[in-house]
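Here is the structure we will look at, set down as C-alpha cells.
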Amino acid sequence: MEKMLTGIRSTGIPHLGNILGVIIPSISIANKKAKHSSFIFIADLHSMVQIENIKIIKNNTYQIAAAWLAFGLDIDNCLFYRQSDVSYVTELAWYFNCFYPYQRLALSHAFKKNKMKEIEKISVGLFTYPILMAADILLYNAKIIPVGKDQLQHIEIARRIAYFFNKKIGKKLFVLPNAFLQKKNMFVLGTDGKKMSKSQKNYINIFSSDEVLKKQIMSIRTDSKSVEEKKDPETDYIMSLYSLIAPLEKIEIMKKRYLKGGYGYFEAKVALYEYIIHKFSSERKKFFSFMKNKPLLDHILALGAKKAKSIAHERLNWIRKHLKFNSID
Ligand code: ADP
Ligand code: TRP
1299 MEKMLTGIRS TGIPHLGNIL GVIIPSISIA NKKAKHSSFI FIADLHSMVQ
1349 IENIKIIKNN TYQIAAAWLA FGLDIDNCLF YRQSDVSYVT ELAWYFNCFY
1399 PYQRLALSHA FKKNKMKEIE KISVGLFTYP ILMAADILLY NAKIIPVGKD
1449 QLQHIEIARR IAYFFNKKIG KKLFVLPNAF LQKKNMFVLG TDGKKMSKSQ
1499 KNYINIFSSD EVLKKQIMSI RTDSKSVEEK KDPETDYIMS LYSLIAPLEK
1549 IEIMKKRYLK GGYGYFEAKV ALYEYIIHKF SSERKKFFSF MKNKPLLDHI
1599 LALGAKKAKS IAHERLNWIR KHLKFNSID
C-alpha cells in the first residue's frame, strides 16, 4: 500500500490556497486509504526558519490542526502529528546533510530567491530546509505527496536523495516519492494576482471574522473598467477564485455577466464573499470550536505523535543498521 504524506508549516492560519491546494485533496485521499498509511503533520520545525518569535509557533500549530480537523480529517485512520514531536526526523536529516552536495542544494529556488534579497539574514536552517523536508517524507517511505506547485523542486530533491542514498548503501532503503498535484488548484492566486501566501498579505482567510474576510475580498485587485463596460472573465482575479469554489452553473452565470457588461467588480466581490460564507459555514464553525478547546487539540496531536513515533523509531533503527550504527531504544 503506497503511503501518503504532507505537511503545512505553522506560520499562520491556512488560507484558501492551502485549503484548496492541499488540505481538501489530502483529506479525500487520507480518509479513503488503509489505516495508518497516511501521514499529515504540522511542520513546526520548518516554520522556525521564517518565524523569529518562536513563542508564536505553538499557537500557530493549533490553527493548522484546527483547520485540518474542521475539514473532516479522520484521525483514526490517519497519523496526525506535530513534526517536533517526532524528532527522529532530525537525525535522518543529518545523515542526508552529510552526503548531499552543497552545490546542488545551493541551486534550489527557495534559497536562490532569498539569497537575492538579504544574504546576511539567511540561516543555515533555511539553506537545509529541503533536506529536513526530504527526511519528513523518506522517514516513512511515503510515495504520494500532495503539495502546491511551489513545492515541486523540494519533492525532486527528496527523490534525488532517496535515489543516491539507495545507491550508496546498495539497498532500496527509500521509496522514491512523487508530488501529487491537482492542476486546477496547485497555484491559487492571491488578492494581488500573485501566489496566495501566508507571508504576503495577499491571502483570503476563510477562518477570519465576516468583516475581515469581506475586507480581504474587497481588496482583490482589478482593472479600472466601469460597471457598464464588458469585462474579461479569463484574466480577472475575482473570477479566478470564484471558479475554484463555485458550481459550474454559477460560474457560467458570472462569466456571462462579465462578458455582457453592466456588472461591476464590486458585485462580483460580494458574490464571491457570499459564496465563501455559504460554502464554508460548517468548517468555519468547527474551526472556532476546536480553537476554543486546545487541550483537545493537544490530546489529538499527542495520540498521532505516539503512533508516528513508533513507526519512525523502527524505520530509523533499520536505517541505522545499514549505516553500522547501534540501534536506539
Ligand atoms: P504558505 O506558502 O502560504 O506559507 P505553506 O508553505 O505552509 O504556505 O504551504 C503549505 C502547502 O500549501 C504546500 O504544499 C504549498 O505548496 C501549498 N500552497 C501554499 N500556497 C498555495 C497556493 N497559493 N496555491 C496552492 N497551494 C498552495
Ligand atoms: N515545505 C512545505 C511548505 O512550505 C511544508 C513541508 C515540510 C512539507 N515537510 C513536508 C510538505 C513534507 C510535504 C511533505 O509548504
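Following my numbering, the numbering of the sequence shown begins with 1299 at its first residue and continues without gaps. Heads up, the beta-carbon is just placed ideally off N, CA and C, and yes, glycines get one too.
Counting only the Cα atoms, S1495 lies some 22 Å from E1532. The Cβ atoms of Q1514 and I1504 lie no closer than 7 Å to each other. Per DSSP, Y1379 is one residue of the beta strand (DSSP E) stretching across 1377 to 1380. DSSP places R1458 inside the alpha helix (DSSP H), whose first and last residues are 1450 to 1467.
Shortest Cα-Cα distance from H1452 to any of L1471, G1468, P1444, A1432 involves A1432.
By the Cβ rule, the stretch 1518 to 1537 counts as touching the stretch 1562 to 1582, because three or more pairs are nearer than 8 Å. Of the residues assessed, Q1381 falls on the buried side of the cut-off, its CB having 16 or more other CB atoms within 10 angstroms.
Apart from sequence neighbours up to five positions away, the residues of its chain that approach G1602 with a beta-carbon distance below 7 Å are I1373, L1377, F1378, Y1379, ordered along the chain.
For the options I1311, L1314, G1310, A1341, the alpha carbon positioned closest to that of L1303 is the one of A1341. Distances from the CB of H1313 to the heavy atoms of the ligand TRP are all 6 Å or more. With the rule of 3 Cβ pairs closer than 8 Å, the stretch 1328 to 1341 does not count as touching the stretch 1469 to 1487.
Contact annotation: L1437 and A1610 have beta-carbon atoms nearer than 7 Å. Spatial neighbours of S1345 in its own chain (CB-CB distance under 8 Å, excluding positions within 5 residues in sequence) are listed in chain order as R1307, S1308, T1309, I1355, N1358. In terms of side-chain proximity, the C-beta atom of G1423 is found no nearer than 6 Å to any non-hydrogen atom of the ligand ADP.
Under the criterion of beta carbons closer than 8 Å, K1493 and D1448 qualify as touching, at roughly 7 Å.
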